[in-house]
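So the sequence lines, in the order shown, correspond to chains A and B. The letter at position 110 of the first sequence is residue 110 when you use UniProt numbering, and the numbering goes up by one with no holes. The letter at position 206 of the second sequence is residue 206 when you use UniProt numbering, and the numbering goes up by one with no holes.
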Amino acid sequence: MRARLTLLTAGLLLATAACAGNGPATEQPADAKPSGTITVLTNRTDLVDTAFKEYAKRFTELHPGVEVKFEGITNYEDEVRIRMNTPEYGDVLLIPNSVTPSQLPSFFEPLGSTQELGKKYRFINEQAYDGKVYGIATFGNAQGFVYNKRVFEAAGVTDWPTTPDEFIADLKLVREKTGAIPYYTNYAAGWPLTMWESFRGSLSADRDYVSGLAHTDAPWAAGTDHHTIDSLLHRIAAEGLIEKDPTTSDWEESKKLIGSGKVASMALGSWAIVQMQEAAASPDDIGFMPFPQQNAGKFHATIAGDWKIAINKHSENKVTARAWLDFFVDRSGYAADSGSIPPVADAPLPEQLKPLEDKDVQFVEQNPAPANETGLTNDIDEKSEIGLNQPEYRQRIVDAGRGASEESLEAIFTDLNAKWKTARAALAGN
Amino acid sequence: MVRSRTGHPAPKVAEPAGAAVPAARHQRVRRPLAERARRRATPYLFIAAALVLLVVFTYVPVVSMFGYSLLDWDGLDPVSEFVGAGNYAELVTRPELFGVFTVSLYYFGGTVVQLAAALYFAAILSFKVRFRNFFKGVLFFPYLINGVAIGFIFLYVFKPDGVLDTLLGLLGVEDKPLWLGDRSVVNHSLTGVSIWRYFGLNLVLFLGAIQSIPAHLFEAAQMDGATRWQQFRHIIVPGIRPVIGLNLILGVSGALSVFEIPYIMTGGANGSATFVIQTVNTAFKYHKVGLASAMAVVLLALVLIVTWIQRRTIPDDTTELS
Numbered sequence: 001m002r003a004r005l006t007l008l009t010a011g012l013l014l015a016t017a018a019c020a021g022n023g024p025a026t027e028q029p030a031d032a033k034p035s036g037t038i039t040v041l042t043n044r045t046d047l048v049d050t051a052f053k054e055y056a057k058r059f060t061e062l063h064p065g066v067e068v069k070f071e072g073i074t075n076y077e078d079e080v081r082i083r084m085n086t087p088e089y090g091d092v093l094l095i096p097n098s099v100t101p102s103q104l105p106s107f108f109e110p111l112g113s114t115q116e117l118g119k120k121y122r123f124i125n126e127q128a129y130d131g132k133v134y135g136i137a138t139f140g141n142a143q144g145f146v147y148n149k150r151v152f153e154a155a156g157v158t159d160w161p162t163t164p165d166e167f168i169a170d171l172k173l174v175r176e177k178t179g180a181i182p183y184y185t186n187y188a189a190g191w192p193l194t195m196w197e198s199f200r201g202s203l204s205a206d207r208d209y210v211s212g213l214a215h216t217d218a219p220w221a222a223g224t225d226h227h228t229i230d231s232l233l234h235r236i237a238a239e240g241l242i243e244k245d246p247t248t249s250d251w252e253e254s255k256k257l258i259g260s261g262k263v264a265s266m267a268l269g270s271w272a273i274v275q276m277q278e279a280a281a282s283p284d285d286i287g288f289m290p291f292p293q294q295n296a297g298k299f300h301a302t303i304a305g306d307w308k309i310a311i312n313k314h315s316e317n318k319v320t321a322r323a324w325l326d327f328f329v330d331r332s333g334y335a336a337d338s339g340s341i342p343p344v345a346d347a348p349l350p351e352q353l354k355p356l357e358d359k360d361v362q363f364v365e366q367n368p369a370p371a372n373e374t375g376l377t378n379d380i381d382e383k384s385e386i387g388l389n390q391p392e393y394r395q396r397i398v399d400a401g402r403g404a405s406e407e408s409l410e411a412i413f414t415d416l417n418a419k420w421k422t423a424r425a426a427l428a429g430n
Numbered sequence: 001m002v003r004s005r006t007g008h009p010a011p012k013v014a015e016p017a018g019a020a021v022p023a024a025r026h027q028r029v030r031r032p033l034a035e036r037a038r039r040r041a042t043p044y045l046f047i048a049a050a051l052v053l054l055v056v057f058t059y060v061p062v063v064s065m066f067g068y069s070l071l072d073w074d075g076l077d078p079v080s081e082f083v084g085a086g087n088y089a090e091l092v093t094r095p096e097l098f099g100v101f102t103v104s105l106y107y108f109g110g111t112v113v114q115l116a117a118a119l120y121f122a123a124i125l126s127f128k129v130r131f132r133n134f135f136k137g138v139l140f141f142p143y144l145i146n147g148v149a150i151g152f153i154f155l156y157v158f159k160p161d162g163v164l165d166t167l168l169g170l171l172g173v174e175d176k177p178l179w180l181g182d183r184s185v186v187n188h189s190l191t192g193v194s195i196w197r198y199f200g201l202n203l204v205l206f207l208g209a210i211q212s213i214p215a216h217l218f219e220a221a222q223m224d225g226a227t228r229w230q231q232f233r234h235i236i237v238p239g240i241r242p243v244i245g246l247n248l249i250l251g252v253s254g255a256l257s258v259f260e261i262p263y264i265m266t267g268g269a270n271g272s273a274t275f276v277i278q279t280v281n282t283a284f285k286y287h288k289v290g291l292a293s294a295m296a297v298v299l300l301a302l303v304l305i306v307t308w309i310q311r312r313t314i315p316d317d318t319t320e321l322s
């Protein structure tokens, strides 16, 4: 009997899994008031019981009787992507970054047109398809290097380096004069290395850099952004300016290390500033500088949306879900609390990014690809198995730099170019 | 199963009323027969629980994995394209995908060391030794620890100036390698962790087998003046040969499909990627679920072939000792 029941349950489970992504959603009238319970999926396991509870409290004060439940997920990207094969992925969630634009309508509720929402919000093109927006950035990031000001000053470095050569020279000064680790790779955690990819487009100040990758056979040719970025990373490793054993590095510890001045710099998004300040003895020690290269006499920094918040197409409480989404983006204060660029276009920059504003750093936001090439760069990337946004690609460069592998940087560039070219040709042939 | 239920008094509660009434009417007459049927069905009911779990969590996924291996699918899209043997064809034309099997050689070497050590300790502990149960517990304990925890513990052990370096420093060793950072050392370190972790399981299997050897054989051997080594060589080894064979099979298939320890400790970086790590990356980083499923099917086939070869070369005829 029990066995039969198990079988039945198992069968039901399978059936649920089988109707992936096409379950019917109940419609609600547009003017309905928020009510009932919604579930919100989030990657912020560190805030889910603190700041998020606070936001929810303020939300329920506006809409009495509504209950907001949070589900913090550590390995957010992978886990939610798998869950999206069922209709059960919360009411409000963050869109996994690997969802392609053409897949958006199958999983998420359209929030409005790009034209209309574009007037109010930044980064609306990042999760949009066919003129409709499916996700709004919870906040935006500038890309650069988090660094410990005190350590750089102790080494006699007061100005931001303007070329890769200057940056290397500065890091060497840090090593000689302070004994701190000049640059910490966070190789073991892996994902911090993918932050280097975000510099693409800012060196050349090219707003179509990413979509333009689909039109070149050699993204790693001399003079390209990728060539400059990877050469700098390789050189930092080759000059021994990194931690002794990158394979046993530790992300959580790296916050304390940079906070206490044992590490001088790390390439990260501006979202990291607040976390580093929290781990620092004095928050003022933590600074943020752009990639060491100038274009027409000015620094440039990539800005892009962080996770984009969206509504599950299969949600049974879309009215409340939409109310929460609007509240979270417009009024929760999450972006300011994170020390990041607010999604609302005319809101002021946070304190942490003032230095960038003062030094007239130009923000570069990538344009969406032309409609007939939506997602093409990403498709080539996955086809080639290079993984521009995967740690393996940059781990390989660090390994070559620190002499763990026998590969030369030139050999890596040749290999990457060849893979890119083959994948591009294969996709064009389809 | 159905017949057994009609005779069984308890499940009637859950039975629809219509079905329950005739059963009750005939019960007195049919009881002996029903009783017998029920008895005959009991073992199957017990087995059914295990079978259902096995089918749901092993066989169904394997079948669907085989299904996925025929598709070009990114793991999310509602639409997937049927490509037949296309993924397998791609595997054959990309021999570099199998290059990572060289890493498995380290673990295979580790398996041999692991089995030798397990056999050694099992033999010693099967004789009368002081604190025998204590040592059994100590040696088996690592197997009980969660693999993720082990990965993190050993990350601290292998850090520069970590536990291992400190210990070696106390012993006067000056020149210490980067245990995970040095490409010529990393796989040895990881294999070491794997041995430490799985050794306990082999030990328990060997111990169980040794204890099932009739005690009078040892007594007789002792009376004849056989040494411990002679007892080991002529009684224990032949007596547990099938278990040694089984452990070897487990070891080889384990070496082919190493995943947990390197994935947690290095994520496959620095030349420590195994075939399974590469498969997981293909599926979840490059979103080629079809190709990755084909790789998994190939791995399954390889393990089955290795097992088959071993079964042929090491026949599991139970040696009659007495």
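Using N, Cα and C, we set each Cβ at its ideal position, and we do this for glycine too.
query                                                                                                                                                                                            : result
Per DSSP, what kind of secondary structure is A/Tyr-134 in: helix, strand or coil?                                                                                                               : coil
With 9 Å set as the bound, which would you pick, yes or no: does the beta-carbon of B/Gly-75 sit closer than that to a beta-carbon of chain A?                                                   : yes
Against chain B, with Cβ distances strictly below 9 Å, would A/Trp-382 count as a contact?                                                                                                       : First, the residue type needs correcting, since residue 382 of chain A is Glu and not Trp in the sequence shown. Interface residue, yes.
Pair every Cβ in the region 395 to 412 of chain A with every Cβ in the region 272 to 279 of chain B, then say whether three or more of these pairs are closer than 8 Å.                          : no
Buried or exposed, going by whether 16 or more other CB atoms sit within 10 Å of the CB of A/Arg-289?                                                                                            : For the sequence presented, residue 289 of chain A should be read as Met rather than Arg. It is buried - the Cβ of A/Met-289 has at least 16 other Cβ atoms within 10 Å.
Assign A/Leu-104 to one of three DSSP states: helix, strand, or coil.                                                                                                                            : helix
What did DSSP end up calling A/Ser-265 once you bin it into helix, strand or coil?                                                                                                               : strand
So, for A/Gly-190: in the same chain, excluding its five sequence neighbours on each side, which residues have a beta-carbon less than 6 Å away from its beta-carbon?                            : Pro-391
Under 8 Å Cβ-Cβ, which residues of chain B neighbour A/Met-84?                                                                                                                                   : Leu-76
Can you give me the Cβ contacts of B/Lys-176 inside the same chain, cut-off strictly under 7 Å, excluding the 5 residues immediately before and after it?                                        : Asp-165 and Leu-168
Answer with yes or no whether the minimum CB distance from A/Glu-392 to chain B is below 9 Å.                                                                                                    : yes
Report all residues from its chain with a CB closer than 8 Å to the CB of A/Ile-341; omit the five preceding and five following residues, and keep chain order.                                  : Arg-122, Phe-139, Gly-140, Asn-141, Ala-142, Ser-270, Ile-303, Ala-335, Leu-349, Pro-350 and Leu-353
At 4 residues or longer, what runs of the alpha helix (DSSP H) sit wholly inside the region 38 to 116 of chain A?                                                                                : 51 to 62, 76 to 83 and 104 to 107
Compute the distance between the beta-carbons of B/Ile-213 and B/Ile-240, then report whether it is under 9 Å.                                                                                   : yes
Can you list the beta strand (DSSP E) stretches of 3 or more residues lying completely in the region 350 to 412 of chain A, in chain order?                                                      : 362 to 364
Strictly by DSSP, which residues pair up with B/Leu-71?                                                                                                                                          : B/Phe-82
Could you spell out where the alpha helix (DSSP H) holding A/Tyr-209 opens and where it closes?                                                                                                  : 209 to 212
Under a CB-based cut-off of 9 Å, is A/Ser-98 close to chain B?                                                                                                                                   : yes
According to a CB-to-CB cut-off of less than 7 Å, which residues of the region 228 to 251 of chain A neighbour chain B?                                                                          : Lys-244, Asp-245, Pro-246, Thr-247 and Thr-248
Starting from A/Val-146, trace the beta strand (DSSP E) in both directions and tell me its first and last residue.                                                                               : 140 to 148
Along chain A, which residues have their Cβ under 9 Å away from the Cβ of B/Asn-270?                                                                                                             : Tyr-187, Pro-246, Thr-247, Gln-395, Asp-399, Ala-404 and Ser-405
With distances taken between CB atoms, is the gap from B/Gly-75 to A/Ile-380 smaller than 9 Å?                                                                                                   : no
Quick one: residues in its chain with C-beta nearer than 6 Å to the C-beta of A/Glu-79, no 5 flanking neighbours on either side, listed in chain order?                                          : Ile-73
Is the number of C-beta pairs between the region 59 to 66 of chain A and the region 33 to 45 of chain A that are closer than 8 Å three or more?                                                  : yes
What first and last residue would you give for the beta strand (DSSP E) that runs through A/Met-195?                                                                                             : Looking at the DSSP string, A/Met-195 is not in any beta strand (DSSP E), and its letter there is neither H nor E.
Closest Cβ-Cβ distance between A/Gln-127 and chain B: below 9 Å?                                                                                                                                 : no
By alpha-carbon positions, which one of A/Asn-97, A/Ala-32, A/Asn-75 and A/Thr-60 ends up nearest to A/Arg-44?                                                                                   : A/Asn-75
Is A/Pro-246 helix, strand or coil by DSSP?                                                                                                                                                      : helix
According to DSSP, is A/Phe-299 part of a helix, a strand, or is it coil?                                                                                                                        : strand
Specify, as a first and last residue, the run of the beta strand (DSSP E) that A/Lys-308 falls within.                                                                                           : 308 to 311
Could you tell me whether the Cβ of A/Ser-106 comes closer than 9 Å to any Cβ of chain B?                                                                                                        : yes
Quick check: the region 226 to 234 of chain B against the region 137 to 148 of chain B, are at least 3 beta-carbon pairs closer than 8 Å?                                                        : no
Taking 9 Å as the CB-CB cut-off, is A/Arg-81 touching chain B?                                                                                                                                   : yes
Grab the span of the beta strand (DSSP E) containing A/Ile-181 for me, first residue to last.                                                                                                    : 181 to 183
Is it the case that the region 151 to 163 of chain B contacts the region 172 to 192 of chain B, given that we only count it when at least three CB pairs across the two stretches are under 8 Å? : yes
Using a 10 Å radius around the Cβ and a threshold of 16 neighbouring Cβ atoms, would you call B/Leu-291 buried or exposed?                                                                       : buried
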